[in-house]
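Enquirer: Once you've had a glance at the structure underneath, I'll fire off some questions.
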Amino acid sequence: MKSGPLAYLLLAAGILVLATTPLYADNYVVRTAAIVAMYGALATSWNFIGGFTGYPSFSTAAFFGLGCYVGAICQRAGVPMIAAWLIATLMVGVFAALLGAIILRLRGHYFAIGSIAVVEVCRLVVSSWSSLTGGGDGLNLPLLHWPPEELMRFFLFVMLGILVLSLIATFLVDRARLGFGLRCIHQNEDAAAMVGIDTTRYKVAAYTLSAIFCAAAGAAYASWTGYIDPTESFQILMTVKVPVMAMLGGAGTLAGPFLGAAAFVLLEEVFWANFLDWNRAILGVVIVLLVFFLPGGLLSLHLRRRAKSGGAA
Amino acid sequence: MSTSTTGDAILKLDGVSKTFGGLKALTDVSFALQPGEVVGLIGPNGAGKTTLVNVVTGNLRPSSGSILFEGKDVAAQKPHEAARRGLARTFQIVQPFPQMTVLENVTAGALFGGGAASVGDARDMARTSLDFVGLAPLADRPAAQLALAARKRLELAKSLAMNPKVLMLDEVNAGLNSSEIDGALALIRSIAERGVTVLIIEHLMKVVLSLSKRLLVLHHGQMIADGPSREIVADERVIEAYLGQKYAAKLKERHHG
Ligand SMILES: Nc1ncnc2c1ncn2[C@@H]1O[C@H](COP(=O)(O)OP(=O)(O)O)[C@@H](O)[C@H]1O
Ligand SMILES: [Mg+2]
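If you're matching them up, the sequences are chains V and Z in order.
According to this note's numbering, the first sequence holds residues 1 to 313 in order.
According to this note's numbering, the second sequence holds residues 1 to 257 in order.
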């Protein structure tokens, strides 16, 4: 599945709009832009395992949450902020590789359930290990004594940076042996092994890639908010939302997951403000509509129309 | 003449057994293939032919026995390792990457199994192999759109792009009509002419006779015959396995009477 020129255009425009919000918009809008960038990075990460490889992973919140905690613990131990983010990214990457070697033996629904269980297990371990994590009381991080606008702008650019890195990684993987192999696994795993693809190693690579940007985003988010606790860090809602965003935009494409995340967060902001009680119901409706009517995501609408008019011409 | 004792066999199975729970799918199977040989493996449905291929390509672990490929024991290998070593196979039920184009399917074979240096090189190798099997005109079609005969050719092209040393073809002719079978046989012959060792698995005896001078016969998981095709087709046990005891007796009567 390739992104068309429209998708690239939307992607570039989207990033430009987000990056320029501090020039003309208030703090609330800049904050929303940072959240869009963050979810864009999470959905783009998920795309490695869910989109390319076709493994329905619900581990996003586990990687994000662990990123929050590793980053926070490092920072509290006196590690400089950005070094703490890097350590969190590295450690969660190693964790994902080890975990992936185990749970990627499962396929289909079993993998989905296994991957969601990872989130719960991580949350439980973090809330019980009070001596290290503060348990249910959470952890405070060193405060950044910057003016609010500056703080917001800084984290907008951090989240945008993580998003852009995840997009560059996607672009490179898509063109490389790895991306080709992952798409083969998606289509037919037995046939992939038969042509010589080390399917286990490839899947572990995809799962690890899907983890590292989430961990980076988590660690940055922890520094941004200055306080984390287990329920906030390991949200089942996040773990479900992120794949939905990626599918909304078009799983397996370069631009789709980011565009889906942007559409979703903006919708949510509108509904969150106006219909607070309906939020989850709306998420449910979006999922049902996606599964039944738009398995290729919003971008496929455009492609489908093009294919139709192309066929008629 | 059995060749299973020769030292420089490219593939050699020794006492290979495979059980599924209580079911003995393969019992003490031994044989060897010489480089460049074209050998037929026949046997009725359920004889264990596909299981044998699966055991050789690492899709299944043998319960006991050894499998030597170029002198190295490969019984514990994974399927992708078999592919990279040069042990290619086609599946009885064709296994394309359905939403990829024909060209992409074959490119995958060249890239991962055929040792291509880059995706671009792999694509060039794939085109050569598509030309060879006559699928070049369909290169940009999604694999799922192909008719059965073309899909079987695609499997062949994909395995060829992997530069195999040994190619195992599991019932590539099943489901084809007679003119399609003729085409496939011609193709297999030209693959063999390139020096690839070929093991053709069939449950129909006559299909393999035109290709291979040597036949292996599997029955209830046991190798009941291994030798020149002419002798094998006249072998009583083989006829019995295929046609049943009664029919074999009748045939014998007719020959002697
Ligand atoms: N994965 C499996 N699990 C259990 N039994 C199997 C499996 N694969 C094959 N068998 C059994 O092994 C026997 C040989 O099957 P197979 O190798 O497919 O025969 P053939 O290819 O000669 O028709 C059959 O009885 C079949 O039911
Ligand atoms: Mg079979």
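We put the beta carbon where it would ideally sit given N, CA and C, even for glycine.
(1) For V/ILE102, count neighbouring Cβ atoms within 10 angstroms of its own Cβ and tell me buried if that reaches 16, exposed if not.
(2) Answer yes if the stretch 219-229 of chain V comes into contact with the stretch 63-71 of chain V, meaning at least three C-beta pairs across the two stretches below 8 angstroms, and no otherwise.
(3) Label Z/GLU236 either buried or exposed according to how many other C-beta atoms from any shown protein chain fall within 10 Å of its C-beta, with 16 as the threshold for buried.
(4) Can you find at least 3 beta carbon pairs, one from the stretch 15-32 of chain Z and one from the stretch 44-55 of chain Z, that sit closer than 8 angstroms?
(5) On the CB-based measure, 16 or more other CB atoms within 10 Å of its CB, does V/PRO147 come out buried or exposed?
(6) For my contact list, Z/ALA143 and Z/PRO96 are in at a C-beta cut-off of 8 angstroms; report their separation, rounded to the angstrom.
(7) Taking 7 angstroms as the line, does the beta carbon of V/GLU189 fall inside it for any heavy atom of ligand 2?
(8) Is the beta carbon of V/CYS214 sitting closer than 8 angstroms to the one on V/PHE63?
(9) According to DSSP, simplified to helix, strand and coil, what is Z/GLN77?
(10) Any beta-carbon of chain Z closer than 8 angstroms to the one on V/ASN188?
(11) Contact criterion: CB-CB distance below 8 angstroms. Does V/ILE212 meet it with respect to chain Z?
(12) Taking Cβ-Cβ distances below 8 angstroms as the criterion, which residues of the stretch 150-164 of chain Z are in contact with chain V?
(13) Quick one: does the C-beta of Z/THR50 sit closer than 7 angstroms to a heavy atom of ligand 2?
(14) Can you find at least 3 beta carbon pairs, one from the stretch 64-79 of chain Z and one from the stretch 120-127 of chain Z, that sit closer than 8 angstroms?
(15) Quick one: which chain V residues come within Cβ less than 7 angstroms of Z/PHE112?
(16) Using a Cβ-based criterion (distance less than 7 angstroms to any ligand heavy atom), does Z/GLY46 qualify as near ligand 1?
(17) Under DSSP, the beta strand (DSSP E) around Z/LEU68 begins and ends at which residues?
(18) Does any CB atom of chain Z fall closer than 8 angstroms to the CB of V/ALA206?
(19) Using a cut-off of 7 angstroms between C-beta atoms, extract the partners of V/ARG177 located in chain Z.
(20) By the criterion of Cβ-Cβ separation under 8 angstroms, what are the contact partners of V/CYS68 in chain Z?
(21) Check whether the Cβ atoms of V/LEU160 and V/ILE35 sit closer than 8 angstroms, and answer yes or no.
(22) Could you check the C-alpha separation between Z/ALA186 and Z/LEU146 for me, to the nearest Å?
(23) Take Z/ALA110 and list the residues in its own chain whose beta-carbon comes closer than 6 angstroms to its own, dropping the five residues that flank it on each side.
(24) Could you work out which residues of chain Z lie near V/ALA74, taking near to mean beta carbons separated by less than 7 angstroms?
(25) Taking only the alpha-carbon atoms, compute the straight-line gap between Z/THR19 and V/ALA97 and give it to the nearest angstrom.
(26) Is there at least one non-hydrogen atom of ligand 1 closer than 7 angstroms to the beta-carbon of Z/LEU23?
(27) Helix, strand or coil, according to DSSP, for Z/ARG258 in the structure here?
(28) On the three-state DSSP scale, how would you describe Z/ILE10?
(29) Given Z/ILE224, which residues of its chain have a CB within under 6 angstroms of its CB, disregarding the five upstream and five downstream residues?
(30) According to a CB-to-CB cut-off of less than 8 angstroms, which residues of the stretch 89-100 of chain Z neighbour chain V?
(31) When the distance is taken between beta carbons, is V/LEU106 closer than 8 angstroms to V/GLY114?
(32) In terms of residues, what are the limits of the beta strand (DSSP E) holding V/ILE87?
(33) Three-state secondary structure (DSSP) at Z/SER229?
(34) Z/ASP28 lies in the beta strand (DSSP E); which residues open and close that run?
(35) Looking only at C-alpha atoms, which of Z/ILE10, Z/LEU156, Z/GLY113, Z/SER64 sits nearest to Z/PHE262?
(36) Once the 5 residues before and after V/TRP278 are set aside, which same chain residues still bring their CB inside 6 angstroms of it?
Expert: Taking the definition as stated:
(1) In summary, V/ILE102 is exposed, with fewer than 16 beta-carbon neighbours lying within 10 Å of its beta-carbon over all protein chains present.
(2) Touching, yes.
(3) Burial call: exposed.
(4) In this structure the stretch 15-32 of chain Z lies against the stretch 44-55 of chain Z, because at least three pairs of beta carbons, one per stretch, are closer than 8 angstroms.
(5) By the 16-neighbour rule on beta-carbons within 10 angstroms, V/PRO147 is exposed.
(6) Yes, they are in contact, since the Cβ atoms of Z/ALA143 and Z/PRO96 sit about 4 angstroms apart, within 8 angstroms.
(7) Result no, Cβ not under 7 angstroms from ligand 2.
(8) Less than 8 angstroms divides the Cβ of V/CYS214 from the Cβ of V/PHE63.
(9) Residue state, collapsed to three classes: coil.
(10) True, the Cβ-Cβ gap to chain Z drops below 8 angstroms.
(11) So, not an interface residue.
(12) Across the stretch 150-164 of chain Z, CB contacts with chain V closer than 8 angstroms involve LYS158, MET162, in sequence order along the chain.
(13) Judged by the Cβ position, Z/THR50 qualifies as a neighbour of ligand 2 at the 7 angstroms threshold, a heavy atom of the ligand being closer than this.
(14) By the criterion of at least three beta-carbon pairs nearer than 8 angstroms, the stretch 64-79 of chain Z is not in contact with the stretch 120-127 of chain Z.
(15) Under the 7 angstroms cutoff, chain V gives GLY181, VAL195, GLY196, ILE197.
(16) The answer is yes for Z/GLY46.
(17) Taken as a continuous stretch (DSSP letters only), the beta strand (DSSP E) holding Z/LEU68 covers 64-69.
(18) Interface flag for V/ALA206 against chain Z is unset, since no Cβ pair is found closer than 8 angstroms.
(19) Simply LEU111, VAL119.
(20) Going along chain Z, no residue has its Cβ under 8 angstroms from V/CYS68, so there is no contact; the nearest lies around 37 angstroms.
(21) Between V/LEU160 and V/ILE35, the CB-CB gap reaches or exceeds 8 angstroms.
(22) Each residue's Cα considered, the two are about 20 angstroms apart.
(23) Within the same chain, Z/ALA110 has close Cβ partners ALA116, ALA122, MET125, ALA126, ALA161.
(24) According to the sequence provided, residue 74 of chain V is Cys. The question's Ala does not apply to it. Within 7 angstroms Cβ-Cβ: nothing; V/CYS74 doesn't reach chain Z, min ~38 angstroms.
(25) Cα to Cα, Z/THR19 sits roughly 34 angstroms from V/ALA97.
(26) Z/LEU23: yes, Cβ under 7 angstroms from ligand 1.
(27) Chain Z is shown only over 1 to 257; residue 258 of chain Z falls outside these bounds and no answer can be derived.
(28) Correct three-state label for Z/ILE10: coil.
(29) For Z/ILE224, same chain residues with a beta-carbon under 6 angstroms away, outside a window of 5 residues either side, are VAL217, ARG237 in chain order.
(30) Flagged, chain order: ARG89, PHE91, GLN95, PRO96, PHE97, PRO98, GLN99, MET100.
(31) In this structure, V/LEU106 lies closer than 8 angstroms to V/GLY114 by Cβ.
(32) Annotation for V/ILE87: no beta strand (DSSP E) segment contains it, though the alpha helix (DSSP H) segment containing it runs 81-103.
(33) In the three-state DSSP reduction, Z/SER229 falls in the helix class (H, G or I).
(34) Counting along the chain, the unbroken beta strand (DSSP E) around Z/ASP28 starts and ends at 23-33.
(35) Coverage of chain Z is limited to positions 1 through 257, which leaves residue 262 of chain Z absent and any answer about it impossible.
(36) Excluding the 5 residues flanking it on each side, V/TRP278 has no same chain C-beta neighbour closer than 6 angstroms.
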